[in-house]
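Each remark here refers to the structure printed beneath this line.
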Amino acid sequence: MEVPADSAARGSQCPLRRGPLLALHLPGLPAAQREGDRAGGAATGHGVEEEPDGGQSLQVLLPSRLHPSRVLSSWKQMEDCCDPAHLFAMTKMNSPMGKSMWYDGEFLYSFTIDNSTYSLFPQATPFQLPLKKCAVVGNGGILKKSGCGRQIDEANFVMRCNLPPLSSEYTNDVGSKSHLVTANPSIIRQRFQNLLWSRKTFVDNMKIYNHSYIYMPAFSMKTGTEPSLRVYYTLSDVGASQTVLFANPNFLRSIGKFWKSRGIRAKRLSTGLFLVSAALGLCEEVVTYGFWPFSVNMREEPISHHYYDNVLPFSGFHAMPEEFLQLWYLHKIGALRMQLDPCEGTSLPPTS
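Per our numbering, the sequence shown runs over residues 186 to 537.
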């Protein structure tokens, strides 16, 4: 789940990166579909419908409602492979004193749960399960001018990636509610100087997330442990409203194996795919926003990489187009919903 510091500094993991699929001449999903067909992927079956103005809409091609049997099947797959209800976070129940565990991102290093770490864990996963309607919000530029803020905030549980900006200039598009926000240790090192002298700045930045859980892969890579613990103690020392949860490395490893068996070839899954995977096992309904790996939207208009900037991450670490194809397939069969068009009530500008 953690990425190298230089990669995190240039762009978060949640928004899906521009991919080579654009070279297939059609932007968006139709191109991704053909790539999936050629690669033997699961994304097959639908043609392209034309909008009255000649544009192409993805949302009209795909189920607008969830299919209960597909939702149940996806939940069962996640439960069988990865058990997010019990293993999503480190808890006293799944990580008892004296237990030895392996860092999931560094196979040569292990650690033992001792009193100093055990005391930081909640007794059990601190959610009332199942969560009803979950919004998993990526940071992709497709959210800009989407008008999806209200729809996102109507979800019962909102998950966000890598401490995204939620100031008033963005709330119409991305909402303001958060229940769980991921924080990559690389961001703590780069943006907040490892909390060695930026503690107040960090605490002030966290206030926008209200009572959210801050979900950190403290035991994914050895270099991530210290900054993650610093986040815990910093927020605890000032009595902040946020609560730190540490990702269980066994859960992260299981999710990685699950998607690798389905054809995702990457050094590391993106944070966004980890969150969507968890949501499939924790929530009755999952809707994703801001997951889009292309540099143009469905109307072939250029979009920024993130909704808040156009900083690109280094290439080669994640397999974003492959991830998108898997999520699109889950949307197509009705296991989750991907919001790819502007939300209801948002008017589109005329095409030139």
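For glycine and all other residues, C-beta sits at the position ideal for the given N, C-alpha and C. What you are looking at is a predicted structure, and each value in this text was computed from that prediction instead of being measured.
Classify residue i as buried or exposed, calling it buried when 16 or more other Cβ atoms lie within 10 Å of its own Cβ.
| i | result |
| --- | --- |
| E507 | buried |
| M483 | buried |
| V423 | exposed |
| E236 | Any reading at E236 needs caution, since the residue's pLDDT is 36, under 50, leaving its predicted position unreliable; the model's value is listed next. Under this definition E236 is an exposed residue. |
| A368 | buried |
| V496 | exposed |
| W382 | exposed |
| N300 | exposed |
| F292 | exposed |
| R415 | buried |
| V366 | buried |
| Q524 | buried |
| D358 | buried |
| F418 | The sequence given here has Tyr at residue 418, not Phe. So Y418 ends up on the exposed side. |
| K517 | buried |
Helix, strand or coil for residue i, going by three-state DSSP, please let me know.
| i | result |
| --- | --- |
| W287 | strand |
| G325 | strand |
| P487 | strand |
| K362 | coil |
| K317 | strand |
| S405 | coil |
| F387 | helix |
| R376 | helix |
| R250 | coil |
| I298 | coil |
| M496 | Note that residue 496 is Val in the sequence shown, not Met. Correct three-state label for V496: coil. |
| T276 | coil |
| C528 | coil |
| T367 | strand |
Got a sec, what are the start and stop residues for the alpha helix (DSSP H) residue i sits in?
| i | result |
| --- | --- |
| Q524 | No alpha helix (DSSP H) holds Q524; the beta strand (DSSP E) holding it covers R522 to Q524. |
| M166 | In this structure the chain extends from 186 to 537, so residue 166 is not present and cannot be described. |
| H271 | P269 to L272 |
| G334 | G334 to D338 |
My assumption, with CB atoms under 8 Å, is that residue i sits in contact with residue j. Please give the rounded CB distance.
| i | j | result |
| --- | --- | --- |
| S488 | S462 | The identity of residue 488 in the sequence shown is Ile, whereas the question assumes Ser. That belief does not hold up - the Cβ atoms of I488 and S462 are roughly 25 Å apart, past 8 Å. |
| G409 | P370 | 4 Å |
| A274 | A432 | 6 Å |
| L351 | S361 | 6 Å |
| G457 | C528 | Wrong, their Cβ atoms sit about 19 Å apart, outside the cutoff. |
| Y474 | G323 | 7 Å |
| A520 | V256 | 6 Å |
| P315 | T276 | Rounded, the Cβ-Cβ distance is 18 Å, inconsistent with contact. |
| S363 | Y400 | 11 Å between Cβ atoms; not a contact. |
| S397 | Q427 | 6 Å |
I need the boundaries of the beta strand (DSSP E) containing residue i, first residue and last residue.
| i | result |
| --- | --- |
| V472 | C468 to Y474 |
| M344 | F342 to R345 |
Go through the segment 407–466 residue by residue and report every complete run of the alpha helix (DSSP H) that reaches 4 residues or more, in order. DSSP runs (the alpha helix (DSSP H)) wholly in the segment 407–466: 410–422 and 434–445.
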